[in-house]
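This report concerns only the one structure given below.
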Amino acid sequence: MENKQMIEVQNLNKSFGDLHVLKDISLSIKNKEVVCLIGASGSGKSTLLRCLNFLELKDSGSIVIDSKEIDIKKDDLNKVRQRVGMVFQHFHLFPHMTVLENVIEAPIQVSGLSKEEAEERAHDLLKKVGLEDKVNVYPEKLSGGQKQRVAIARALAMKPDVMLFDEPTSALDPELVGEVLRTMKQLAYEGMTMVVVTHEMGFAQEVADRVIYLHDGKIVEEGDPEQVFNNPKHERTKEFLDAVL
Ligand code: ADP
Ligand code: MG
Numbered sequence: 052m053e054n055k056q057m058i059e060v061q062n063l064n065k066s067f068g069d070l071h072v073l074k075d076i077s078l079s080i081k082n083k084e085v086v087c088l089i090g091a092s093g094s095g096k097s098t099l100l101r102c103l104n105f106l107e108l109k110d111s112g113s114i115v116i117d118s119k120e121i122d123i124k125k126d127d128l129n130k131v132r133q134r135v136g137m138v139f140q141h142f143h144l145f146p147h148m149t150v151l152e153n154v155i156e157a158p159i160q161v162s163g164l165s166k167e168e169a170e171e172r173a174h175d176l177l178k179k180v181g182l183e184d185k186v187n188v189y190p191e192k193l194s195g196g197q198k199q200r201v202a203i204a205r206a207l208a209m210k211p212d213v214m215l216f217d218e219p220t221s222a223l224d225p226e227l228v229g230e231v232l233r234t235m236k237q238l239a240y241e242g243m244t245m246v247v248v249t250h251e252m253g254f255a256q257e258v259a260d261r262v263i264y265l266h267d268g269k270i271v272e273e274g275d276p277e278q279v280f281n282n283p284k285h286e287r288t289k290e291f292l293d294a295v296l
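Spelled out as structure tokens, the structure:
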């Protein structure tokens, strides 16, 4: 079980009009693996994550989640999305709801939990991300780092099998980046399967089991962080790392 594949993507293609964004992407993510996806702006990182939880629909190729190929015509994509949590750069909290209401909304509406069950789960998760004292606060009263930790708690409240993070710290003031990375690191150590788009190379180096470098919609290089950062095989990867490190 430990080594089973959680996500298997084969020959994924996605275009927007004439723009071919993802070009025959194949990749597998194992259960409990933490994979960091790096690459220049516009290389297709967000589109790839969005295809993995069906916010964007692929043009061709296959996406298998936990041994089941997802058929975008037949499967209930809301059900699939419950299993693949997502955290966005700009948090996307519901502004008119308190922190607690943000976290209990989907478990009640989508999973059918009672309010009591959802609140118990939310309290546990908000404690885990260090925000138990903010339960009744509205998002506008929170710092960016706190908002992002609420967003993580909200995603976890659906008990996903996989968590996708799309540049979760890119919108934060530098002094708030650490608290979000610490929360993510804790999740990784607890065994969550994670795909993280990030420019935080320190995080990738320390936490990732594998780093994937995407360039122009293709996977150019992948390997353990040590190898990709210190001994990249491809000139493209070297150029990218020289520019960002
Ligand atoms: P990254 O996250 O690596 O910066 P994206 O996946 O956001 O890259 O975008 C890849 C390319 O696809 C970019 O050229 C972007 O402008 C384009 N793109 C992304 N989403 C859309 C969309 N909904 N409609 C049209 N073009 C898009
Ligand atoms: Mg992006």
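As numbered in the working numbering, the sequence shown has no gaps in its residue numbers, which increase by one up to the final residue, 296.
Where is the CB? At the ideal position from N, CA and C, for every residue including glycine.
Nothing here was measured: the structure is a model prediction, and the numbers come from that model.
Rounded to the nearest whole angstrom, the C-alpha separation of glutamate 167 and lysine 178 is 17 Å. Beta-carbon to beta-carbon, leucine 265 and leucine 88 are separated by about 6 Å, close enough to satisfy the 8 Å threshold.
In this model, methionine 148 and alanine 204 are separated by some 15 Å (Cα to Cα). If you check the CB distance, methionine 209 and methionine 245 do not come in under 8 Å. Restricting attention to alpha helix (DSSP H) runs no shorter than 4 residues, the region 141-165 encloses them at 150-160, ordered along the chain. When the five nearest sequence neighbours on each side are left out, the beta carbons in the same chain lying within less than 8 Å of the beta carbon of glutamine 140 are those of Asp217, Glu218, Pro219, Ser221 and Ala222, in order along the chain. Using a cutoff of 7 Å, the CB of phenylalanine 139 does not count as near the ligand ADP, since none of the ligand's heavy atoms is closer than that. Linking lysine 284 to proline 225 through their CA atoms gives a straight-line distance of about 31 Å. In the structure shown, histidine 250 falls within a coil segment according to DSSP collapsed to helix, strand and coil.
For serine 66, the enclosing beta strand (DSSP E) stretches over residues 56-67.
Burial is judged here by how many other beta carbons sit within 10 angstroms of a residue's own beta carbon; glutamate 277 has fewer than 16 and is exposed.
DSSP, read as helix, strand or coil, puts histidine 285 in coil.
One alpha carbon belongs to tyrosine 189, the other to aspartate 75, and they sit about 43 Å apart.
Between the region 75-86 and the region 253-268 there are three or more C-beta pairs closer than 8 Å, enough to call the two in contact. Comparing alpha carbon positions, the residue from Glu59, Thr98 and Ser66 closest to serine 79 is Glu59. Following the DSSP letters along the chain, one finds glutamate 226 inside the alpha helix (DSSP H) bounded by residues 225-240. DSSP, reduced to helix, strand and coil, places threonine 244 within a strand of the structure shown. Nearest to valine 135 by alpha-carbon distance, out of Lys289, Glu230 and Leu106, is Leu106. Phenylalanine 291 sits in a helix when the DSSP states are folded into three classes. One alpha carbon belongs to serine 92, the other to valine 295, and they sit about 12 Å apart. A distance criterion of 7 Å places the beta-carbon of lysine 96 in contact range of the ligand MG, judged by its closest non-hydrogen atom. Membership of leucine 207 in the alpha helix (DSSP H) is indicated by the continuous run 195-207. For glutamate 230, the CB contacts under 6 Å within the same chain, skipping 5 residues up- and downstream, are Gly196 in chain order.
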